[in-house]
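S.K.: The listed protein sequences correspond, in order, to chains A and B.
Just so it is clear: in the first sequence, position 34 is 34 by the numbering used here, and no numbers are missing.
Just so it is clear: in the second sequence, position 105 is 1105 by the numbering used here, and no numbers are missing.
Heads up, the beta-carbon is just placed ideally off N, CA and C, and yes, glycines get one too.
Remember, predicted model here, so these are calculated numbers, not experimental data.
Pasting a structure here, questions to come.
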Amino acid sequence: MSATTVRRGAFALLLLLAFVLSAPRAVHMPDVPLLMRTPVGCLALGVLLGAALLAFVARRLEAPAAALALVVLFAAAHAEMLGRRVEMASVTTVMSVAVFLGWALVAFWPAGPEARDQQRRLAHEVACGVFAATLFLAALAKLSNSGLSWVDGHRHAWLLLEKNIGHTDVIARARLWLAEHPTALTLAAGYALSVELAAPLFLFERLRKGYAVAVLLLAAGIALTLFFQPELFVLPVVLAWGGLDDRGDSAS
Amino acid sequence: MPLPKAAALAFAAYTATSLLVGESFPFSPFAMYSHIVMEPVAVPAFVAGGEAARPEDFGCFEGVDAELVKPPSGVPYSSQYVWQAWRLRVVSEQEHPSGRAADVPVEFGHAILRRDAEGRPVLDPPVVLTRGLACRR
């Protein structure tokens, strides 16, 4: 199995997870179109997506498979937004679909076979650019809505209290313990904001692996304090270590 | 160190479009948790049989008005998704009743988390928004 297949497999699993995080939230919801409202319709679309992603990983009928996957993911995201009556779908869905869409638009743009390698390199760069933009936008939003007070550990401590008070499981107890240490939370929040602000570093090929490690640490911190964001584990690794095409593969 | 033009262009295009159009899938300004509210805040509350519980452990809701399972107005909160998940659960269970008897009194509401005079966090008793019956799963 080639390294590209492994990376594509990881990316495909992320997209499948995005579907699972979005589509079931629309089932039985009154405002959702019938196809996405019924469990059978939701399951059928999930199977369709699974088949498209399998073809994508196996590199069979790549362009139609990617197009089909995107159509299903768009449908799932819109159904989720209608069902939950929110403006934003699950953040995993938004980030992973944005990166995949950017990549697919360039990778499958009609071009002659002689331009294929160049096109796939461009597609990879576009995916990296979109990923960096999603993180940078998060930093801009924090600075715009809260300014530097966003890193104040007391605010994060209160957030942890709000989300965990009254809960008795191990994770909640650990988070409540963290809430008693606002200085540590200030450092962690400062790190998070710095990593997001530094997202343009991901545009430079030579800095991608180092920045990806910084994002992995950020993802671990978010998982510890708030929730698991699989896209922050999968996207930086897949993009920094080769992307969705044959880049740097040594094994086959 | 050369800056790949395609990456920089994609970065600029996605950033500018997201700032311009706001939440418009798959564009987004990714503003979640960009404003962390300070005290007091409203915390989602669910009580079953007189004790704090998790709605996930219950089904076949009867008499609960799903439209009232929502955050209070006038009090900050950051757990909107919890109320949404709870509302969806109630709607889903009511549209597809299991036929089991609902025999546990349940209440959905919110509790205010604030600090007392000595600065310690205090969770006030829940304010009930809607009540009904449910069955344990």
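1. By alpha-carbon positions, which one of A:Val-72, A:Ala-172, A:Leu-187, A:Leu-35 ends up nearest to Leu-160 (chain A)?
2. Taking only beta carbons into account, state which residues of the stretch 1021 to 1036 of chain B come closer than 9 Å to chain A, listed in chain order.
3. With 8 Å set as the bound, which would you pick, yes or no: does the beta-carbon of Ala-1006 (chain B) sit closer than that to a beta-carbon of chain A?
4. Mapping DSSP to helix, strand and coil, what is Ser-252 (chain A)?
5. Can you check whether the CB of Phe-100 (chain A) is closer than 8 Å to the CB of Ala-199 (chain A)?
6. Could you check which residue in A:Glu-125, A:Met-36, A:Leu-68, A:Ser-144 has the C-alpha nearest to that of Ala-240 (chain A)?
7. Comparing alpha-carbon positions, which option in A:Val-57, A:Lys-163, A:Glu-196 lies nearest Phe-227 (chain A)?
8. Is Thr-1130 (chain B) close to chain A? Criterion is C-beta to C-beta, closer than 8 Å.
9. Which chain B residues sit within Cβ distance under 7 Å of Glu-87 (chain A)?
10. Below 7 Å CB to CB, which residues in the same chain sit around Ala-251 (chain A) once its five sequence neighbours on both sides are set aside?
11. What residue does the beta strand (DSSP E) around Ala-1110 (chain B) start on, and which one ends it?
12. Distance check for Pro-182 (chain A) and Tyr-1033 (chain B), CA to CA, integer angstroms please.
13. Check whether the stretch 1002 to 1012 of chain B touches the stretch 1067 to 1083 of chain B, taking contact to mean three or more Cβ pairs, one atom from each stretch, closer than 8 Å.
14. Report yes or no: is there a C-beta of chain B within less than 8 Å of the C-beta of Ala-251 (chain A)?
15. On a CA-only basis, which of A:Arg-121, A:Arg-175, A:Glu-231, A:Met-95 is nearest Ala-1006 (chain B)? Give me that one, please.
16. Is the separation between the beta-carbon of Ala-1066 (chain B) and that of Ala-1111 (chain B) shorter than 8 Å?
M.R.: This is what the structure gives:
1. Translated into positions along the first sequence, residue 160 (chain A) becomes position 160. With distances taken between Cα atoms, Leu-160 (chain A) lies closest to A:Ala-172.
2. Residues passing the 9 Å Cβ filter: Gly-1022, Glu-1023, Ser-1024, Phe-1025, Pro-1026, Phe-1027, Ser-1028, Pro-1029, Phe-1030, Ala-1031, Met-1032, Tyr-1033, Ser-1034, His-1035, Ile-1036.
3. Locating residue 1006 (chain B) in the second sequence gives position 6, counting from the first residue. Ala-1006 (chain B) counts as touching chain A.
4. What you label residue 252 (chain A) is simply residue 252 of the first sequence in a count that begins at 1. Note that Ser-252 (chain A) scores 37 on pLDDT, short of 50, meaning its location in the model is unreliable and no value can be drawn from it.
5. Translated into positions along the first sequence, residue 199 (chain A) becomes position 199. Translated into positions along the first sequence, residue 100 (chain A) becomes position 100. No, they are not a contact pair.
6. Your numbering for residue 240 (chain A) matches position 240 in the first sequence. The shortest Cα separation from Ala-240 (chain A) among A:Glu-125, A:Met-36, A:Leu-68, A:Ser-144 belongs to A:Glu-125.
7. The residue labelled residue 227 (chain A) in the question sits at position 227 within the first sequence. It is A:Lys-163 whose Cα lies nearest to the Cα of Phe-227 (chain A).
8. To locate residue 1130 (chain B), count along the second sequence from 1; it is residue 130. Cβ-Cβ to chain A under 8 Å: no for Thr-1130 (chain B).
9. As a position in the first sequence, residue 87 (chain A) is number 87, starting the count at 1. The answer, in chain order, is Glu-1023.
10. Residue numbering aside, residue 251 (chain A) sits at position 251 when the first sequence is read from its first letter. Its pLDDT being 43, under 50, Ala-251 (chain A) is placed unreliably in this model, and the coordinates cannot settle the point.
11. What you label residue 1110 (chain B) is simply residue 110 of the second sequence in a count that begins at 1. Position check: residue 1110 (chain B) holds His in this sequence, whereas Ala was assumed. It spans 1104 to 1115 - the beta strand (DSSP E) in which His-1110 (chain B) sits, taken as one unbroken run.
12. Walking along the second sequence from the start, residue 1033 (chain B) turns up at place 33. Walking along the first sequence from the start, residue 182 (chain A) turns up at place 182. One C-alpha to the other measures close to 17 Å.
13. no
14. Numbered from 1 along the first sequence, position 251 holds the residue referred to as residue 251 (chain A). At Ala-251 (chain A), the pLDDT of 43 sits below 50, so the modelled position is not reliable; the number obtained from the coordinates is stated separately. Output row for Ala-251 (chain A): interface = no.
15. Within the second sequence, residue 1006 (chain B) is the residue found at index 6, counting from 1. It is A:Arg-121.
16. Along the second sequence, read from residue 1 onward, the residue named residue 1066 (chain B) stands at position 66. Along the second sequence, read from residue 1 onward, the residue named residue 1111 (chain B) stands at position 111. It is not a contact, given that the beta carbons lie outside the stated cut-off.
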